[in-house]
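The working numbering numbers the first residue of the first sequence as 7 and each following residue consecutively. Just below is one structure, and these are the notes that go with it.
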Amino acid sequence: MNIRIATWNINSVRLRLDLLARLEKEFQPDIICLQETKVQDEFFPNDEISKLGYRHVVYSGEKSYNGVAILSKQPIRDKFEIYLCNNDKRHICAKIGDFELHNFYIPAGGDEPDIEINPKFKHKLNYLREMDEWFAKNRLKNDKVILVGDLNIAPLENDVWSSKQLKNVVSHTQVEREGLMKIINDFEFIDTGRKFVDPSTKLYSWWSYRNKDWKKHNRGRRLDHIWVSKPLKLRLNGITCPPEIRDWDRPSDHVPFMLDLKI
DNA sequence: ATGGTTGGCGCCCAA
Numbered sequence: 007m008n009i010r011i012a013t014w015n016i017n018s019v020r021l022r023l024d025l026l027a028r029l030e031k032e033f034q035p036d037i038i039c040l041q042e043t044k045v046q047d048e049f050f051p052n053d054e055i056s057k058l059g060y061r062h063v064v065y066s067g068e069k070s071y072n073g074v075a076i077l078s079k080q081p082i083r084d085k086f087e088i089y090l091c092n093n094d095k096r097h098i099c100a101k102i103g104d105f106e107l108h109n110f111y112i113p114a115g116g117d118e119p120d121i122e123i124n125p126k127f128k129h130k131l132n133y134l135r136e137m138d139e140w141f142a143k144n145r146l147k148n149d150k151v152i153l154v155g156d157l158n159i160a161p162l163e164n165d166v167w168s169s170k171q172l173k174n175v176v177s178h179t180q181v182e183r184e185g186l187m188k189i190i191n192d193f194e195f196i197d198t199g200r201k202f203v204d205p206s207t208k209l210y211s212w213w214s215y216r217n218k219d220w221k222k223h224n225r226g227r228r229l230d231h232i233w234v235s236k237p238l239k240l241r242l243n244g245i246t247c248p249p250e251i252r253d254w255d256r257p258s259d260h261v262p263f264m265l266d267l268k269i
């Protein structure tokens, strides 16, 4: 038996319910973790999502910005939220089957990679540090943990179209890359994207809206990730990150990243 | 050389 888990920055869930339906039809994820839902809880489109087969849903949203959700075909046994740095709705956790699934939306960090002049960049780095501390304090390395999300950082050289040209661009600076790798290393997470796609090969999950033809130069970045703790290592079955979804009608700038896991 | 586009909301902000 196999379970498919997707993570997707959908950039407004209400605007893209038709894309969610198409994802279910063509890829049949059992669980979908969404970021940037951009909707307050009272307006979350529960009924439409239930009709797609996701009858177990948890969400944490706010007006205009941020917002996360977990949609599941399987029962959710428990849920909770973590607030790091401030009250932004950037995390939700669901206990499904024998694992705990954490869905994060790490702050984008603004344009200027300098904490002295850009408070958004400072917030991003603080958020990373507090994530690391939370797992060290609250979870054991042999717990069954899955961490997914739009982590807004491309840690490896081939996670961006040009590591040299992006070395001072927020999402690929040294301090961000090290901050993300520290969380991976401290908790001994497995980066499933790079378990199945060799680090010598380019792998992207995001292409800017600002390039009219995203395929022409293929200037992508790998900002979306699925990590698993060590006890789940032998259950990994493969990943899917279909770039063609970037071409669907009125797309998000991110495509879903999916993991298949034995259950 | 410092663009370019999108979404939500409301006459700009964040990504």
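Note that the Cβ used here is the ideal one computed from N, Cα and C, for glycine as well.
Residues of its chain near residue 27, where Cβ-Cβ distance is below 7 Å and the 5 sequence neighbours each way are ignored | Result list for residue 27: 58, in chain order.
If you drop the 5 nearest sequence neighbours on each side, which residues of the same chain put their C-beta closer than 7 Å to that of residue 271?
-> The requested residue 271 is not part of the displayed model; the chain covers only 7 to 269.
What residues are listed by DSSP as bridge partners for residue 213?
-> The secondary-structure analysis by DSSP pairs residue 213 across a beta bridge with 226.
Would you mind working out which of 143, 137, 208 sits nearest residue 166, comparing C-alpha positions?
-> Ranking 143, 137, 208 by Cα distance to residue 166 puts 208 first.
Take the Cβ of residue 181 as the centre, count every other Cβ of all protein chains shown within 10 Å, and call the residue buried at 16 or more, exposed below.
-> Counting C-beta atoms within 10 angstroms of its own C-beta, residue 181 has fewer than 16 neighbours from the protein chains shown and is therefore classed as exposed.
Check whether the Cβ atoms of residue 82 and residue 62 lie closer than 8 Å to each other.
-> For residue 82 and residue 62, yes; Cβs fall inside 8 Å.
For the alpha helix (DSSP H) that residue 199 lies in, which residues bound it at each end?
-> Per DSSP, the continuous alpha helix (DSSP H) segment holding residue 199 begins and ends at 198 to 202.
With a cut-off of 8 Å on the beta carbons, I'd call residue 195 and residue 244 a contact; round off their distance for me.
-> The beta-carbon distance between residue 195 and residue 244, rounded to whole angstroms, is 18 Å. This is too long to meet the 8 Å contact definition.
Kindly indicate which three-state DSSP category residue 11 falls into: helix, strand or coil?
-> Correct three-state label for residue 11: strand.
Quick one: using the 10 Å Cβ neighbour count with 16 as the cut-off for buried, is residue 41 buried or exposed?
-> Here residue 41 is buried, its C-beta having at least 16 other C-beta atoms within 10 Å.
Give a yes or no on contact between the segment 102 to 116 and the segment 150 to 158, applying the rule of three or more CB pairs nearer than 8 Å.
-> Judged by pairs of C-beta atoms under 8 Å, the segment 102 to 116 touches the segment 150 to 158, as three or more such pairs exist.
Can you give the Cα-Cα distance for residue 123 and residue 129, rounded to whole angstroms?
-> Their Cα atoms are separated by approximately 12 Å.
If you drop the 5 nearest sequence neighbours on each side, which residues of the same chain put their C-beta closer than 8 Å to that of residue 135?
-> Excluding five sequence positions before and after residue 135, the CB atoms of its chain that fall closer than 8 Å to its own CB belong to 185, given in chain order.
Helix, strand or coil for residue 175 per DSSP?
-> The three-state reading of DSSP puts residue 175 in coil, since its state is none of H, G, I, E or B.
Looking at C-alpha atoms only, which residue of 238, 268, 10, 31 is the closest neighbour of residue 251?
-> Among 238, 268, 10, 31, the Cα nearest to that of residue 251 is on 31.
What's the C-alpha gap between residue 257 and residue 79?
-> Each residue's alpha carbon lies about 24 Å from the other.
Would you give the residue range spanned by the beta strand (DSSP E) that residue 112 belongs to?
-> DSSP places residue 112 outside any beta strand (DSSP E), giving it a letter other than H or E.
Use the C-beta contact count for residue 137: other C-beta atoms within 10 angstroms, 16 or more gives buried, fewer gives exposed.
-> Under this definition residue 137 is a buried residue.
Determine the contact status of residue 213 and residue 229, defining contact as a CB-CB distance below 8 Å.
-> Between residue 213 and residue 229, the gap from beta carbon to beta carbon reaches 8 Å or more.
Quick one: using the 10 Å Cβ neighbour count with 16 as the cut-off for buried, is residue 178 buried or exposed?
-> It counts as buried.
Per DSSP, which one or two residues make a beta bridge with residue 66?
-> In DSSP, residue 66 forms a bridge with 74.
Measure the CB-CB distance between residue 29 and residue 249 and report whether it falls below 8 Å.
-> Contact flag unset, no.
Taking 8 Å as the cut-off, decide whether the C-beta atoms of residue 64 and residue 95 are in contact.
-> Contact flag unset, no.
Whole-angstrom Cβ separation of residue 111 and residue 156, contact assumed at under 8 Å?
-> Rounded, the Cβ-Cβ distance is 5 Å, consistent with contact.
Unbroken alpha helix (DSSP H) run spanning residue 151, endpoints = Per DSSP, residue 151 belongs to no alpha helix (DSSP H); it is in the beta strand (DSSP E), 151 to 156.
Going along the chain, which residues of its own chain have a beta-carbon closer than 7 Å to the beta-carbon of residue 172, five neighbours each way excluded?
-> 166, 178.
By the 10 Å Cβ neighbour count, where 16 or more other Cβ atoms means buried, how is residue 235 classified, buried or exposed?
-> Classification for residue 235: buried.
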